[in-house]
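Okay, structure coming up:
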């Protein structure tokens, strides 16, 4: 990460990046609003947001199907898309700041691997649960198991890498790889045990989708994600200081250990909840913070809110594509984010290569 | 807006009552099934066999027979149906094979007051009849379904009798997919197991349920006389030569005699109205392959 002095030395006409980032925030807010409206207005069915609004204003009853499509399908899906996109992008930005590594993503604290293991366990082993419990949980079983798996793995990783109330980021990185491999192996055993239908279910789970968005999912995951996201702005100064290195950050008065605790726990909560309701959606957590750093520099005070806005917008855009390309069927959104995101990201990296600093 | 949702649900319910009372809309409420989405290959075949195809407005990805059905919009894979995708074809009833979902989608369809009929799946002669009668009941065509079920049952009975009469109790290994060296085979409780035993063969796998990847030793121990695979619709999933070159397969009687049978998967495993001809075709193929 570059400090302000070098940026100004490299660039011929020094610009006020803070000012610039504020303008980006405004633009991204407008973009998110526009995308949200578009997302409510578009879908496989012919239901039109505009004629529905017209009817509501004129005091006419909407047809039941139109109501269900607008309020029980598109609206929860829109909110879930915003929550999940923001959660993934902000979590990515926080992790990259904390680990001082541009390749870090929420997966580095084990939350993705753990959530995957949880989801696979629920899909494959649900049959072992008492029927009454399974019936009660219904489709929420997989989400709950994914959240617990993600959260549990992160706590375990945190325990392993904390000695004498000091969390070693290096140990965490390595232990994360080990725990990831272990989760992968356990998942492998479950995959081996799975039957054909379960295999299909877990393949689709891994590709992520907002198609199953319901109000109950939004109500369950929303508070967790919102709580975690409101905590992150308080980390911004600390993450900026951490760019100097842990020792230097501590010397300038940043409570490094407390910051690590908060960062790790909030990332695990936000990502865990996001993955639990939408499955594995890759790439957002890495690409969004990078794009913003390339545009506005690495200051976390603006990077974090901008990441939330851009993450939400990108996921909504990807979701609109995923449900329109092969309509009335749908593509899993993880496929869309990767196939479109990866080449765009590569192109930006190559174009910026000469002056690029991460 | 979050707090409003229960109110909205209440509103929906009220609207539904309103709509159905006054029959203000032909789209919702009456549920007679004039605009049907069929989910599951065998369900679709039964609807065609009952001559009710004009009521179809959509199908799922697994519904590919008869060929005319492919002109209908495809609403996605049966286990991953998207609620808006389904509603976009404006159905008043969905007839789906057991296992279709996910549950979230079915809940939304409930909210939209769309009739959702689940047809029990099964891989026996009796199950085929039950399926046909269940589809018939959903369509309101019980008598036609009874007639069809009896006709199909008689076909299956004579096919099974003929197959059993000439059967040599050959061990048949159903290979769902052979990618690289991984052989995924059908155990007990599968459609493959059902059709193999109806055709007078013996499923070479009886240690596990469902479809699983076999170790090389398990392939050797299964010692199949015939290997059964699905004929692929697009590019072949793996050539015959690759399969024979598999070290474990090459030790089995089927591998030595190059006894491989490929049958169209939808026909073979559908357990729909064409089950009788599937049994006959499989029995003949097993016999021919076993004698080679």
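Residue numbers (my numbering), protein chains in the order written: chain Y, 165 to 522; chain D, 26 to 317. Ideal Cβ positions, reconstructed from N, Cα and C, are used throughout, including at glycine.
Residue range of the unbroken alpha helix (DSSP H) whose run includes residue i
i                     : result
residue 203 (chain D) : Here residue 203 (chain D) belongs to no alpha helix (DSSP H); instead the beta strand (DSSP E) covers 196-204.
residue 266 (chain D) : 265-270
residue 383 (chain Y) : 379-395
residue 67 (chain D)  : 66-74
residue 194 (chain Y) : 181-205
residue 238 (chain D) : Where residue 238 (chain D) is concerned, there is no enclosing alpha helix (DSSP H), although the beta strand (DSSP E) it sits in stretches over 236-239.
residue 550 (chain Y) : Because chain Y in this structure spans residues 165 to 522, residue 550 (chain Y) falls outside the shown range and cannot be described.
residue 450 (chain Y) : 448-460
residue 217 (chain D) : 216-223
residue 211 (chain D) : Counting along the chain, residue 211 (chain D) falls outside any alpha helix (DSSP H), though it belongs to the beta strand (DSSP E) covering 207-211.
Classification of residue i by the beta-carbon crowding that lies within 10 angstroms, buried from 16 upward
i                     : result
residue 117 (chain D) : buried
residue 466 (chain Y) : buried
residue 196 (chain D) : buried
residue 393 (chain D) : The requested residue 393 (chain D) does not occur in the structure, where chain D is confined to residues 26 to 317.
residue 329 (chain Y) : exposed
residue 313 (chain D) : exposed
residue 177 (chain D) : buried
residue 240 (chain D) : exposed
residue 462 (chain Y) : buried
residue 252 (chain D) : buried
residue 514 (chain Y) : exposed
residue 90 (chain D)  : buried
residue 424 (chain Y) : buried
residue 191 (chain Y) : exposed
residue 404 (chain Y) : buried
Unbroken beta strand (DSSP E) run spanning residue i, endpoints
i                     : result
residue 286 (chain D) : 285-289
residue 255 (chain D) : 251-256
residue 83 (chain D)  : 81-84
residue 465 (chain Y) : Per DSSP, residue 465 (chain Y) belongs to no beta strand (DSSP E); it is in the alpha helix (DSSP H), 464-488.
residue 140 (chain D) : 140-144
C-alpha distance - residue i paired with residue j, whole-angstrom precision
i                     : j                     : result
residue 224 (chain D) : residue 237 (chain Y) : 46 Å
residue 233 (chain Y) : residue 138 (chain D) : 12 Å
residue 277 (chain Y) : residue 220 (chain D) : 39 Å
residue 313 (chain Y) : residue 477 (chain Y) : 28 Å
residue 180 (chain Y) : residue 202 (chain Y) : 33 Å
residue 200 (chain D) : residue 366 (chain Y) : 21 Å
residue 254 (chain D) : residue 444 (chain Y) : 33 Å
residue 189 (chain D) : residue 298 (chain D) : 20 Å
residue 337 (chain Y) : residue 236 (chain D) : 37 Å
residue 382 (chain Y) : residue 125 (chain D) : 24 Å
residue 114 (chain D) : residue 95 (chain D)  : 15 Å
residue 512 (chain Y) : residue 480 (chain Y) : 21 Å
residue 311 (chain Y) : residue 431 (chain Y) : 12 Å
residue 238 (chain D) : residue 207 (chain D) : 6 Å
residue 421 (chain Y) : residue 496 (chain Y) : 39 Å
residue 51 (chain D)  : residue 134 (chain D) : Here residue 51 (chain D) scores only 38 on pLDDT, less than 50, and its place in the model should not be relied on; the value that follows carries that caveat. So the alpha carbons of these two residues sit roughly 17 Å apart.
residue 48 (chain D)  : residue 65 (chain D)  : Residue confidence is low: residue 48 (chain D) scores 37 on pLDDT, short of 50, so the model does not pin down where it sits. Its coordinate-derived value is still stated next. The alpha-carbon atoms of residue 48 (chain D) and residue 65 (chain D) are separated by roughly 31 Å.
residue 435 (chain Y) : residue 388 (chain Y) : 10 Å
residue 229 (chain Y) : residue 219 (chain Y) : 14 Å
residue 197 (chain Y) : residue 243 (chain Y) : 12 Å
residue 459 (chain Y) : residue 506 (chain Y) : 18 Å
residue 267 (chain D) : residue 210 (chain D) : 16 Å
residue 234 (chain D) : residue 246 (chain D) : 17 Å
residue 369 (chain Y) : residue 323 (chain Y) : 29 Å
residue 339 (chain Y) : residue 102 (chain D) : 39 Å
residue 183 (chain Y) : residue 263 (chain Y) : 27 Å
residue 222 (chain Y) : residue 200 (chain Y) : 24 Å
residue 161 (chain D) : residue 70 (chain D)  : 12 Å
CB contact flag (residue i, residue j, <9 Å)
i                     : j                     : result
residue 141 (chain D) : residue 157 (chain D) : no
residue 321 (chain Y) : residue 343 (chain Y) : yes
residue 270 (chain Y) : residue 255 (chain Y) : yes
residue 173 (chain D) : residue 249 (chain D) : no
residue 180 (chain D) : residue 67 (chain D)  : no
residue 187 (chain D) : residue 300 (chain D) : no
residue 433 (chain Y) : residue 453 (chain Y) : no
residue 275 (chain Y) : residue 362 (chain Y) : no
residue 494 (chain Y) : residue 105 (chain D) : yes
residue 376 (chain Y) : residue 98 (chain D)  : no
residue 492 (chain Y) : residue 83 (chain D)  : yes
For residue j and residue i, believed in contact at Cβ under 8 Å, the rounded distance
i                     : j                     : result
residue 468 (chain Y) : residue 400 (chain Y) : 6 Å
residue 501 (chain Y) : residue 447 (chain Y) : 5 Å
residue 279 (chain Y) : residue 440 (chain Y) : 6 Å
residue 475 (chain Y) : residue 261 (chain Y) : Between residue 261 (chain Y) and residue 475 (chain Y) the Cβ distance is about 15 Å, and since that is not below 8 Å, they are no contact.
residue 204 (chain Y) : residue 213 (chain Y) : 5 Å
Near the ligand MN: residue i beta-carbon under 8 Å from a heavy atom
i                     : result
residue 285 (chain D) : In the structure shown, the ligand MN is absent, as is every other ligand, since no ligand is present at all.
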